Structure formats: structure tokens, C-alpha cells
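In what follows, a single structure is set out as C-alpha cells and then discussed.
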Amino acid sequence: PVLVVDFGAQYAQLIARRVREASVYSEIVPHTVTAEEVRAKNPIGIVLSGGPSSVYEQGAPQLDPEVLELGVPTLGICYGFQVMAQHFGGEVAQTGQREYGATHANVVDAEGNALLVDQPAGQTVWMSHGDSVARAPEGFEVLASTESTPVAAFANDERKLYGVQWHPEVKHTPFGQGIIENFLHRAAGIPADWNSGNVIAEQVARIREQVGDARVISALSGGVDSAVSTALVQRAVGEQLTAVFVDHGLLRKGEREQVQQDYVAATGVRLVTVDAADTFLDALAGVTDPEEKRKIIGREFIRAFEAAERDLLAEAAADGTPIKFLVQGTLYPDVVESGGGAGTANIKSHHNVGGLPEDLQFELVEPLRTLFKDEVRAIGRELGLPEAIVGRQPFPGPGLGIRIVGEVTRDRLDLLREADAIAREELSRAGLDQEIWQCPVVLLADVRSVGVQGDGRTYGHPIVLRPVSSEDAMTADWTRLPYDVLAKISNRITNEVREVNRVVLDVTSKPPGTIEWE
Ligand code: XMP
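For the UniProt record's numbering, add 7 to where a residue sits in the sequence shown, where the first one is 1.
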């Protein structure tokens, strides 16, 4: 792999993704990694990420100096660039002056160096640093400068060491991806040969090795991650796999059919559907508190899954092949973030379908552990999964249960399902699926307002549209939808959905509002 050394800022994940976009496999390691550990991973390249603004800062993250002496081609970015400069005997000056934002850089030698192939001599780059490299180390050629930073990039071709003060991984640096690709392909000579085809072959082999002859179960939610991880296991050990789909009655229109028909047709997986709508709705009767709803849904999900599991265990006992494994759709960011260990406040107790009880007696099969979401989608497509599943926007585990403000009842779910289907249909028709991260449609079941329809007075419920744009759901902005699309959705919902006489638009970013209403 190419190792991305994380100095604690938020850039490491982005860098790892950009490296993979260049068709090179990357892994993130903490800056506390030892040279021994690095060597054990057999890296073909190293990228040092950005970090705090100064190498002189108290408690500034250090790197085992030996890592820089392993003879592995290395690119230092921002803080990583300064770490390199300092290590090889250059001078890092505490200027006390911060260079931040879009900056004009003069690339000194636009032709000669591998790092600079196809880089314009003058270009805009994104800067965010306090200290500056005042003098490049001996044997390093200065490749770029800005008005306030004399050494903004350098290279030592002989030792294959490179560095840039700016952030090539962010979109605000228009030629940034070119720098990363030049480093990987031209300077370090790493081929662009990592793609979804390889990942599938590699994971299939790995799953076969892990699972052997044992049986495997998987919980399907209809979401992308569980769909793709299950499909990979199906490809690897299909005969031994049973997928369990719990229909909790809180799904959107067409979702159950999508899993039962389209998904099964595409993968050939053996599917057990648990019909648990009655149980869930009984348990939710009279409950209006959002946290209580989440807890009930989480608990009932586990119960439903365990019931299915008992049947499967009995079946497995009968023919002597034990169930030993459970498939989980854990993604790379979850792995990296849980390694980070920083506690975050519990804003909402997220319930994940797939968030199964901790005392399950199974080993986990997690074929997506090294992948980012967009890679998971690419693999899903390569595996032949329907676009409606692979391209699906996020949908919370507790489903429509947390999109009815008030008690969850069958009637209300029916109303909301209709309204949601209309909104989704019109947004897709208008070609807005890419622009929108997700668009919760919420029924304010405890609110009524007066309306007029035909000649009559109505006294109905409002529906809220909550279209948001986001990168990762941690923050979000409300999507500026075209008025004609909003008008169409509003007309259709008020005409076609009984008891709804008003459609309102949520124009709140996150923070302060969360994406969901509950
Ligand atoms: P919030 O409402 O916290 O949502 O801004 C952030 C993202 O998480 C989804 N979400 C959930 N997903 N179980 C899930 O699997 C949950 O309990 C849950 N609650 C919120 C939400 O749809 C958005 O994508």
C-alpha cells in the first residue's frame, strides 16, 4: 500500500481517498507508527499529511525519524512538508504569520521535475500554515514559491523525496490531484492498477479463506453497505450464506420489493424475510418521544433478528454445519474513526440495522473494512446490483418511525409513504439525485392547520420537505431546490395524499438542525 501518515488533522482521510482515486491502494496509519511497523507493511509510497500549524508547537505530533530513512518514496504535505524539511536539515522559520486560503504559487521549474508534469507555472493553491520552510535541505531543489513563502515545494529526485506546503488534496487546489498523481505514478513509479475488479477478487479470496466450510448469516437493510457486503459474501461462499431481512413496517414504498425481488434476482442470495411490522407497531403504540422510539425499534430489531437466527441455528444443527459468521458492512471511515477514540456527544442514539447485539456468538466478516463509500458503490455496480440499491441515498435504520412527529400508526405511515414516494419521484425526475445528499419527508402528525379544498374547509396535517446537501452527514446545508420542482411536489402531495393540506420547506442547516427531525 501507500501509507498516509495521519498527523491528527482532518486531512488524512481525504488524502487516502485521493490516492485511491489515482487507482493506488492506500491505508492510513497514525503518526505514532514506528519505522518497524511501517517496514512490515511493505509500503510502495508514503504521504505525510497536514497537521497543526507549527512543528515547534508544544506537543506537536512527532514521527519516528527512521520512517524517513527507509528509502520509500515520500510526499510531505503542509505540516508533513515541514517535518521533512526539518528532518533533512532545512530550516523551518517561525514567521508568526499565517498564510491561509487561496494563494498564488509560482512553480519555479514547470518542466523539469516529475512532480510538476502538466502543472502550470502560475497557479492557485490552498494554503493553511503558520511556519514556513525558509531554507530547503541540502540536495533538495526548490520547486515553487509564493509571495510570503520562499520554499513552497521541494524535491530530492535521487532519494525520491517530495514536499508541498499547500494542500493538493482539497478541491480548492485545482491542480492538486495532478500533484498527487505525479508523485505516485511518475516520481515513485507506482502503477495505476487498483480498481473495483481487483478489490472484488481479493475480498472473495479472503472471505473464502476466513469462512471455510461454515455457514454465514447477514442482515440486509436495503441500504448500500449491507447490500454490497452481502453480495460479496454471496459471490465468495453463496451456498453457505443466508441473508435476513427484517421488514419492520417502517420502510418506504417499494423497499421491501426492491430487496425481495431485485436484489435477490441480481445476486441469487438465499433470503429470509421476517415480517415484523405488527410487532414493531404494537411496541410503538402510544410512544411519541424520539429517543424512546429509537430504543424500541433497536430492541425489536434485535428480537426479530434473533428469532430468525434461532430457526437458522436449528436448521444448521440438523445438517451439522454450524453458523459461525455474521456479515457486517463496516466501512473504512468507521474503522479509522473508532481508532481515533475521540469521544463525541451522543446527540441521537443511532440505531443501525446491522447494529446487532454485542453478545452474538459469531465472528464478523467485514469485507468493506478498507473501503470508502464511493468505492463500495463502484463495487456494487461491478457486482451487478441494481442502481436503485447502489445509488441509494442514506435512510436511517429506524426508517419512517422517526419521520412521524407524534405517535407512529399504520394510517400515518401510509400517508407518509405516499408523500415520500411523490417527493422522491419528482426529485429524480428533475435530475436532482446527485445534488441532494438525502431528502427526509416528515409528517407533522400532531399538528393540524386549516385549508380549503374545492368548496370545503379542511383541517389536515403538514408535510415537511427536508432536502440537504452534505459531504458526510456531519454537517449539512439545505439544498436550494428549483421553485418549479417544489411547486410540483407540493401540488401533487396536497392533491394525492389525503389529510395533507400543506407542504412546507425546511431551510435550516446542520448545525443547528439535525438532518432528521427526531
Ligand atoms: P442526523 O439526523 O443525526 O442524521 O443529522 C445524520 C445522518 O444519519 C442518519 N440517521 C440514522 N441512521 N440510524 C441510522 O442508521 C439512525 O438511528 C439514524 N438517525 C439518523 C440520517 O438519515 C442522516 O443521514
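C-beta: ideal position from N, C-alpha, C; glycine also. Every value quoted in this text rests on a predicted model; they were computed, and no experiment measured them.
Report buried or exposed for residue i, applying the criterion of at least 16 other Cβ atoms within 10 angstroms of its Cβ.
i	result
N502	exposed
G327	exposed
V9	buried
S225	buried
S60	buried
T486	buried
V360	Here the model assigns V360 a pLDDT of 44, short of 50, so the residue's position is not dependable, and the following value carries that caveat. Under this definition V360 is a buried residue.
P181	exposed
D13	buried
A212	exposed
Y490	exposed
H358	Residue confidence for H358 is low, a pLDDT of 48 falling below 50, so the modelled location carries little weight and cannot support an answer.
G348	Note that G348 scores 31 on pLDDT, short of 50, meaning its location in the model is unreliable; the coordinates nonetheless yield the value given after this. Result: exposed.
M91	buried
Y107	exposed
V176	In the sequence as presented, Val is not what sits at residue 176; that position holds Glu. Label assigned to E176: buried.
R222	buried
H38	buried
P72	exposed
R464	exposed
D138	buried
T482	exposed
L311	Going by the sequence as given, residue 311 is Ala instead of Leu. It counts as buried.
Would you kindly check if the distance between the Cβ of residue j and the Cβ of residue i is under 8 Å?
i	j	result
N498	Q460	no
Q89	V62	yes
Q20	P340	yes
L257	G408	yes
V218	V372	yes
A292	H255	no
L288	A250	no
residue 540	P374	Residue 540 lies beyond the residue range present for the chain, which begins at 8 and ends at 525; the question has no answer from this structure.
L168	T81	yes
A452	E425	no
V244	V281	no
P144	G97	yes
V511	I500	no
W173	A128	no
C85	G57	yes
Using a Cβ-Cβ cut-off of 8 Å, state whether residue i counts as contacting chain B.
i	result
Y466	Checking the listed chains, one finds no chain B in this structure; it contains a single protein chain.
Can you find a heavy atom of ligand 1 that lies under 7 Å from the Cβ of residue i?
i	result
I207	no
R259	no
K300	no
G129	no
Q335	no
A325	no
G404	yes
P198	no
Q184	no
E307	no
T156	no
T521	yes
A480	yes
P401	yes
Q268	no
K380	no
Q441	no
residue 599	Only positions 8 to 525 of the chain appear in this structure, which leaves residue 599 out of reach.
Q445	yes
K167	no
K331	no
K48	no
R178	According to the sequence shown, residue 178 is Lys rather than Arg. Answer for K178: no, Cβ out of range of ligand 1.
Notebook entry, point to check: Taking only runs of the beta strand (DSSP E) that begin and end inside the stretch 454 to 491, which ones reach a length of at least 3 residues, in chain order?
Noted result: Counting whole runs of 3 or more residues, the stretch 454 to 491 contains the beta strand (DSSP E) stretches 456 to 460, 463 to 472.
Check: Given 8 Å as the limit, is there contact between the stretch 134 to 151 and the stretch 190 to 205, that is, 3 or more CB pairs closer than that?
Finding: Judged by Cβ distances under 8 Å, the stretch 134 to 151 makes no contact with the stretch 190 to 205, as fewer than three pairs qualify.
Note to self: For the stretch 231 to 248 against the stretch 330 to 345, do three or more pairs of beta-carbon atoms, one drawn from each stretch, fall closer than 8 Å, so that the two count as touching?
What the structure shows: Contact between the stretch 231 to 248 and the stretch 330 to 345 is established, with three or more Cβ pairs separated by less than 8 Å.
Margin query: Quick check for students: name the residue ranges of the alpha helix (DSSP H) that lie wholly in the stretch 201 to 230, counting only runs of 4 or more.
Written below: For the alpha helix (DSSP H) assignment, the uninterrupted runs of no fewer than 4 residues enclosed by the stretch 201 to 230 are, from N- to C-terminal side, 203 to 218.
Note to self: I'd like to know if the stretch 158 to 165 and the stretch 64 to 72 are in contact, where contact means that at least 3 CB-CB pairs between them fall below 8 Å.
What the structure shows: The stretch 158 to 165, when compared against the stretch 64 to 72, does not touch it at the 8 Å Cβ threshold.
Note to self: Under 8 Å, with one C-beta from each stretch per pair, do the stretch 509 to 524 and the stretch 441 to 458 reach the 3-pair mark?
What the structure shows: The stretch 509 to 524 is in contact with the stretch 441 to 458.
Notebook entry, point to check: Within the chosen definition, does the stretch 173 to 187 reach the stretch 111 to 126 through at least 3 CB pairs nearer than 8 Å?
Noted result: Between the stretch 173 to 187 and the stretch 111 to 126, the count of C-beta pairs closer than 8 Å reaches three or more; the two stretches touch.
Notebook entry, point to check: Three or more beta-carbon pairs under 8 Å between the stretch 383 to 399 and the stretch 259 to 275, yes or no?
Noted result: The stretch 383 to 399 is in contact with the stretch 259 to 275.
Notebook entry, point to check: Any contact of the stretch 416 to 423 with the stretch 432 to 440, i.e. 3+ C-beta pairs under 8 Å?
Noted result: Taking 8 Å as the limit for Cβ pairs, the verdict is that the stretch 432 to 440 does not touch the stretch 416 to 423.
Notebook entry, point to check: Do the stretch 295 to 312 and the stretch 201 to 218 touch if we need at least three Cβ pairs shorter than 8 Å?
Noted result: Contact check between the stretch 295 to 312 and the stretch 201 to 218: fewer than three CB pairs, one atom from each, fall below 8 Å, which does not count as touching.
Notebook entry, point to check: For the stretch 73 to 101, which segments carrying the alpha helix (DSSP H) assignment without a break, of at least 4 residues, lie completely within its bounds, in sequence order?
Noted result: Counting only runs that start and end inside the stretch 73 to 101, the alpha helix (DSSP H) elements of at least 4 residues fall at 86 to 94.
Next item on the list: Entirely within the stretch 233 to 316 and at least 3 residues each: give me those beta strand (DSSP E) ranges in chain order.
Entry: 248 to 254, 278 to 282, all fully within the stretch 233 to 316.
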